[in-house]
Structure formats: C-alpha cells, structure tokens
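In the working numbering, the protein residues as written are -12 to 164.
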C-alpha cells in the first residue's frame, strides 16, 4: 500500500527549483563575493596588499582596474584609511574643487574610526570572542581524528569570528605561528 503524500509534499514536488535558483543567484552572488574577498583580505597578507591597491587606485578617475564591484566595495571597506589618503592627495592635486566638497571629504574622514579609537570594552569583547572561538576549535578537534594544531584551526577560528561579525587579524596569526 502506497503512502499518501501530504499536501505539503505535493506542493513541494511541483516547485521547479531551477527557476528559483536562477532568480536568487544574481542577488546573492555579489554578497558572497564581497564576503569572500573581505574575509580573504583579512587573513592573507597578499590579498590584503591587493585590497589596498584596489582601494587606492579606484578613486582615481582615469584608472579603471576592471575589478568586479563587490571586490571594489570589500577593498574599500577593508582599506578605507588608505583610500581616504588617496582621495585627499587627489583633491590636493586637482586644487580647484568647491569648499563644500572639501568639507564633505573632511567630514567623512573624521567619521572613520581608527585603530586608536577602539574603546577598551570593544577590545575586551573582541579578545573574549577570539578566546571563545579558539576554545570552540579545540573542543571540535578533540572529537575528531584530526589533531588540533593552528594550521588546521585557523580556518575554523576565522569562520567562528566571521559569524560573530569579527575577524582574526594577520598580526594574531603571525604571533601564534
């Protein structure tokens, strides 16, 4: 005797998932590219250097690197201080720009937090999140046949930090390796 399909199963069996994927992919793709590039530029020094190059070069009107927009946005997000220095240099070379635009650039520059602006409670929250992620990795690898070492654990810790809206710095990785 065949089992009767529920109404939900019938509806789900009639859905053409390829059409849904075709619609969702162009929406999600830039977000995935942005996140992947930002994460990579935070953990790899070569990607960090390329990210800074993109952030510095993109404000120059005559320079087109032909880089995808999500990568440019992630690079600017990652290296905003360097990009602002380039914009300031560009403004000083151009010279004849309206004072309102110059004031706007200065306002934007003042709003960007620097490493010195990190409050002690933010730093302690970051260090606590990092400690929690390290312990999480140790607990996970204790249950697997793979022995815990930092080369294996860094992707796990980075993933955990990204889920918390943070990232492991390259300085931390160098210090522990």
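Even glycine gets a Cβ: it sits at the ideal position worked out from N, Cα and C.
Asked                                                                                                               : Found
Residue 164 in three-state terms, based on DSSP                                                                     : Reliability fails at residue 164, whose pLDDT of 49 lies under 50, so the model's placement of it is uncertain and no value is given.
Own chain partners of residue 84 with C-beta closer than 8 Å, once the 5 adjacent residues on each side are dropped : 78
Cα-Cα separation between residue 66 and residue 15, rounded to whole angstroms                                      : 23 Å
Whole-number beta carbon distance between residue 46 and residue 70, since they are thought to touch under 8 Å      : 6 Å
Residue 142 versus residue 153 - alpha carbon distance                                                              : 13 Å
C-alpha gap between residue 53 and residue 17, whole angstroms                                                      : 15 Å
Residue 149, DSSP secondary structure in three states                                                               : helix
Burial state of residue 4 (16 or more Cβ within 10 Å)                                                               : exposed
Beta-carbon proximity of residue 61 to residue 32, cut-off 8 Å                                                      : no
Residue 124 vs residue 140 beta-carbon contact at 8 Å                                                               : yes
Enclosing alpha helix (DSSP H) for residue 27 [first to last residue]                                               : 4 to 30
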